[in-house]
Amino acid sequence: FFEPATELPTDFPTEPTGFCADVCECFYNVFETEISITSPNYPNFYHTNQTCNYTIYSYYSTNIRLEIIDFEMEAQHDWFKVYDGRDTYSPVLFQATGYPGFNAPFNQLPDSLPHSIISSGFEILIEHISDYSDQGSLKGWSVNIIPNY
1 FFEPATELPT DFPTEPTGFC ADVCECFYNV FETEISITSP NYPNFYHTNQ
51 TCNYTIYSYY STNIRLEIID FEMEAQHDWF KVYDGRDTYS PVLFQATGYP
101 GFNAPFNQLP DSLPHSIISS GFEILIEHIS DYSDQGSLKG WSVNIIPNY
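Okay, so the sequence shown: first residue is 1 according to UniProt numbering, each after it adds one.
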């Protein structure tokens with residue numbers, strides 16, 4: 001006999017769920033104030049051969065402003081991507097590798113930080129991708145997420 005659940009969660013939590021450093025699947029709900037999100041193990045070296053997804057949802061259905069504060073990843077091998085929606089099938093809003101001022105194809109990181117990106121809707125996905133190389137792991141990144149009223 002199957003009994004349906006009587007109550008389903010409707011909100012994203014305000015803090016990350018699960019164990020972000022181990023599982024690398026995190027959810028954030030942005031209310032009225034900004035929150036900070038960092039790559040795994042920041043500011044120490046991030047782990048190799050890892051893909052981490054951070055889903056950010058604006059509680060008040062506003063656009064989201066992502067402000068990159070600090071950035072250092074292995075150039076052309078490790079990537080930081082921001083999707084304009086909830087999954088990797090959404091349009092890529094921004095992608096970066098290396099460090100500020102690094103010149104590479106598809107690298108959108110400017111010469112200096114901070115740098116802001118604004119979503120078209122109320123959800124974004126940040127994807128952190130590192131390859132197998134031990135020598136390439138650097139400190140990663142730090143961003144602020146702010147509701148864009």
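Idealized CB from N, CA, C, for every residue including glycine.
Keep in mind the model is a prediction, meaning the values are calculated, not measured.
Asked	Found
Give me the Cβ distance between residue 132 and residue 51, rounded to the nearest whole Å; I'm assuming they're in contact under 8 Å.	That pair is no contact at about 12 Å.
Please go through the region 10-97 and give each complete beta strand (DSSP E) segment of 3 or more residues, from N-terminal end onward.	25-30, 35-38, 50-58, 63-72, 79-83, 92-96
Classify residue 138 as helix, strand or coil using the three-state DSSP reduction.	coil
DSSP three-state call for residue 147: helix, strand or coil?	strand
So which of 56, 35, 122, 24 has the shortest CA-CA distance to residue 180?	With the chain covering only 1 through 149, there is no way to say anything about residue 180.
Helix, strand or coil for residue 116, going by three-state DSSP, please let me know.	strand
Pairing CB atoms from the region 114-125 with CB atoms from the region 75-87, are three or more of them under 8 Å?	yes
For residue 139, which of 79, 95, 118 has the nearest alpha-carbon?	79
Go through its chain and collect everything with a Cβ distance to residue 91's Cβ below 8 Å, but skip five positions before and after it.	83, 84, 85
CA-CA distance, residue 143 and residue 114?	9 Å
Going by alpha carbons, who is nearest to residue 44 out of 119, 89, 73, 129?	73
Taking only three categories from DSSP, how would you classify residue 130?	strand
Kindly indicate which residue of 61, 55, 54 has the alpha-carbon position closest to the one of residue 147.	61
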